[in-house]
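Residue numbers (our numbering): 35 to 384.
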């Protein structure tokens with residue numbers, strides 16, 4: 035992590051924490067086990083090194099250096115905002131406020147299943163967005179959610195597959211799952227489903243399903259007509275299987291170190307996942323998250339074959355501290371560093 039982004043992210047978190055109830059700040063900061071996956075993820079991304087190229091023979095405007103496309107959508111930066119729950123606890127407008135910053139930066143927003151903000155409000159901000167999907171025990175409820183997201187303007191679905199158990203979190207943080215939070219405007223949970231949708235379904239119908247298989251990729255794609263990106267892939271064999279099953283992309287992710295303290299880091303897993311996906315198709319895109327905190331880390335990810343990266347906690351703290359301006363500060367800082375790195379290294383994209 036660079037000195038510039040380190041100072042900015044620490045400042046945003048320090049500004050945000052006093053504004054939040056302890057259980058909210060604890061939930062955002064929480065990590066699995068003793069926090070080793072999260073800490074090692076930050077370390078591995080910060081340790082990434084680049085080999086600069088010289089005598090490239092052309093001058094490229096800054097805007098072109100950072101520009102990319104994801105699933106055909108043109109963006110001005112490969113630094114995207116990850117789907118994160120409970121954003122209304124950070125700001126009353128939640129993802130709609132985050133989307134303002136994302137639109138201004140020319141980025142893309144992931145919208146959590148557990149958003150309290152209507153899809154139309156996110157769409158109105160003008161940022162392209164992908165809808166994160168947790169498959170629910172009652173698949174018909176999942177169908178309702180993805181249908182509504184697609185109708186509102188989501189351009190892809192992010193099938194999250196790494197949440198098969200809730201784990202103990204790092205000691206020292208007061209972390210409570212949002213389902214146990216006090217009732218109030220900061221508690222978001224499947225608000226895209228109404229009481230009429232739930233009706234008299236059996237208890238637990240809207241809880242996450244733990245029996246999700248590869249066939250879910252095709253089911254979601256066929257139902258909505260949207261590309262499906264699988265998030266939470268770390269093993270090359272799983273990445274290969276997702277590509278073979280029709281996934282348009284995979285996100286190499288440890289869920290911010292929130293699922294398994296002893297997990298390999300996303301930085302360590304990225305090269306193997308890229309190789310596995312490319313053994314199936316050059317058209318399937320790879321993304322990464324969980325500890326990306328600098329422009330150099332973004333450049334290294336691109337050099338390994340990632341199409342883009344997602345940032346999570348820094349954007350959440352930025353939203354809580356300064357609203358859209360805080361999110362914009364995060365995106366601008368990392369993208370600005372990336373441009374400087376690419377000026378030194380040339381086109382690193384693998």
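Note that the Cβ used here is the ideal one computed from N, Cα and C, for glycine as well.
* Quick one: any contact between the stretch 324 to 342 and the stretch 86 to 95, if contact means 3 or more CB pairs under 8 Å? -> no
* Asked: How should residue 154 be labelled, buried or exposed, when 16 other C-beta atoms within 10 angstroms of its C-beta is the threshold for buried?
  -> exposed
* Rounded to a whole number of angstroms, what is the C-alpha to C-alpha distance between residue 166 and residue 267? -> 15 Å
* **Exposed unless 16 or more other CB atoms sit within 10 angstroms - verdict on residue 120** => buried
* To do: Going by CA-CA distance only, name the one from 299, 341 and 278 that's closest to residue 310.
  => 278
* For residue 168, the three-state DSSP class (helix, strand or coil) -> coil
* To do: Within the same chain, show all residues whose beta-carbon is closer than 7 Å to that of residue 254, passing over the 5 residues directly before and after it, in chain order.
  => 167, 180, 191, 193 and 262
* On the three-state DSSP scale, how would you describe residue 84? -> coil
* With residue 183 as the anchor, note down where its beta strand (DSSP E) starts and where it stops. => From DSSP, residue 183 is part of no beta strand (DSSP E) but of the alpha helix (DSSP H) over 173 to 186.
* To do: Kindly identify the DSSP beta-bridge partner or partners of residue 319.
  => 283
* Asked: Which of the three DSSP states, helix, strand or coil, is assigned to residue 194?
  -> strand
* Asked: According to DSSP, which residues form a beta bridge with residue 143?
  -> 115 and 163
* For residue 344, count neighbouring Cβ atoms within 10 angstroms of its own Cβ and tell me buried if that reaches 16, exposed if not. => buried
* Asked: Expressed to the nearest angstrom, what Euclidean distance is found between the alpha-carbon atoms of residue 118 and residue 149?
  -> 8 Å
* To do: Please confirm whether residue 286 and residue 275 have their CB atoms less than 8 Å apart.
  => no
* Asked: Is the beta carbon of residue 281 less than 8 Å from the beta carbon of residue 131?
  -> no
* Inter-residue Cα distance where the pair is residue 115 and residue 122 -> 16 Å
* To do: Label residue 43 either buried or exposed according to how many other C-beta atoms from any shown protein chain fall within 10 Å of its C-beta, with 16 as the threshold for buried.
  => buried
* Tell me whether the beta-carbon of residue 369 lies closer than 8 Å to the beta-carbon of residue 100. => yes
* Within 8 Å, strictly: CB atoms of residue 289 and residue 324 -> yes
* Could you check if residue 108 is buried or exposed, using at least 16 other CB atoms within 10 Å of its CB as the buried criterion? => exposed
* Asked: Does DSSP put residue 50 in a helix, a strand or coil?
  -> helix
* Using a Cβ-Cβ cut-off of 6 Å (strictly less than) and excluding sequence neighbours within five positions of residue 258, which residues of its own chain qualify? -> 180 and 184
* To do: State the start and end residues of the unbroken beta strand (DSSP E) segment that holds residue 240.
  => Run containing residue 240: none; DSSP gives neither H nor E here.
* What is the C-beta distance between residue 170 and residue 283, in whole angstroms, given that I count them as a contact (C-beta under 8 Å)? -> The Cβ separation is near 22 Å, so there is no contact.
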